[in-house]
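Colleague: According to the UniProt record's numbering, the residues represented by the sequence shown are 1 to 285, in order.
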Amino acid sequence: MLNEENSQKIGTLYVVATPIGNYDDLSQRAIATLSQVDLIAAEDTRHTGKLLSHFGIKAKTFALHDHNEKQKAQQIIDQLNQGLNIALVSDAGTPLISDPGYAVVNLCREQGASVTPVPGACAAITAVCCSGLPTDRFQFIGFTPAKSKARQDFFIDAVNSSITSIMYESTHRIMASLDDLEAALGSEQQVVFAKELTKTFETFFNGTVSELKQFLTDDPTKQRGEIVLMLPGKAKVVDDIPPEARKMLALLENEMPMKKACGVVADYFGMKKNALYKTIIEEKQ
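(1) G142 by DSSP, collapsed to three states: which one?
(2) May I ask which residues mark the beginning and end of the alpha helix (DSSP H) holding T37?
(3) Does DSSP put F55 in a helix, a strand or coil?
(4) Using the rule of at least 16 other Cβ atoms within 10 Å of the residue's Cβ for burial, across every protein chain shown, is D180 buried or exposed?
(5) Please give the ranges of any alpha helix (DSSP H) in the stretch 124-184, keeping only runs that are unbroken, at least 4 residues long and fully inside the region.
(6) Pick out the complete alpha helix (DSSP H) segments inside the stretch 257-282, 4 residues or longer, and give them in chain order.
(7) Would you say L34 and I57 are within 8 Å of each other, going by their C-beta atoms?
(8) So, for A184: in the same chain, excluding its five sequence neighbours on each side, which residues have a beta-carbon less than 7 Å away from its beta-carbon?
(9) Compare the Cα-Cα distances from T135 to each of T144, P232, A92 and report the closest residue.
(10) For F143, tell me which candidate among L212, L229, V37 has the shortest Cα-Cα distance.
(11) By how many angstroms is the C-alpha of A92 removed from the C-alpha of R46?
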């Protein structure tokens, strides 16, 4: 339901997530909101029109995209001040996440206008939860850069962050990006590829860069569609191992393999097992 108290005085901007593929993922709250607002600001009115038609929603739409949102922002504020309720949608997923809308929401917050989220699908979150990569800490870093050198630096920074990194890539640039990923981090770099999430040809691939390049070369049709790439972060080397931990390691390594000993010590002292093991091995070299 819309915010009735606000609608009597000043309108509300509803930031509405739409499906990334499967229309059944549109929430009941999103359907109700889109049905009841006075206007819908859409990244592509034709694309959104198909979604609205599917659900029998008759609403007035207007275009809000990268090229006009700064100009439209104040106009939207004025309409909200007149008591109109407006929904903001992108072509797919959650608006503002590598999609238009920031200029509008930012101006709304600056001027005290009401902004309310209507959550739903987001390709980055949908991909990472099924990636098999660590999800205790992760970062979304948007689209990869357009130029080769910038892309290589981008990939290096992502892996060096030590946490899972999620990024979007376009279908016409995926092979060039994988070439740059290989050049920057080597052919054995682990990567997770996801495309066409929630659609008929949904695909996940976990493996090395060289394996993924071969997978996409063998079947070029898999290069098409909406693509998400994910990289694991490099395990941080432990800078300061407590003396008590070193003492325990010294005792345990006489009774069991070093990797297992590191696991026991890491659990006891609340450390990262792989990072501890890497540090010990490097010290012994």
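A virtual CB, placed ideally from N, CA and C, is assigned to each residue, including glycine.
Modeller: According to the data block:
(1) strand
(2) Rather than Thr, the amino acid found at residue 37 in this sequence is Val. First-last for V37: undefined, no H or E at that position.
(3) coil
(4) buried
(5) Runs of alpha helix (DSSP H) with 4 or more residues, each lying fully within the stretch 124-184, are found at 148-160, listed in chain order.
(6) 258-269
(7) yes
(8) Q152, F155, I156
(9) P232
(10) Of the listed residues, the one whose Cα sits closest to F143 is L229.
(11) 13 Å
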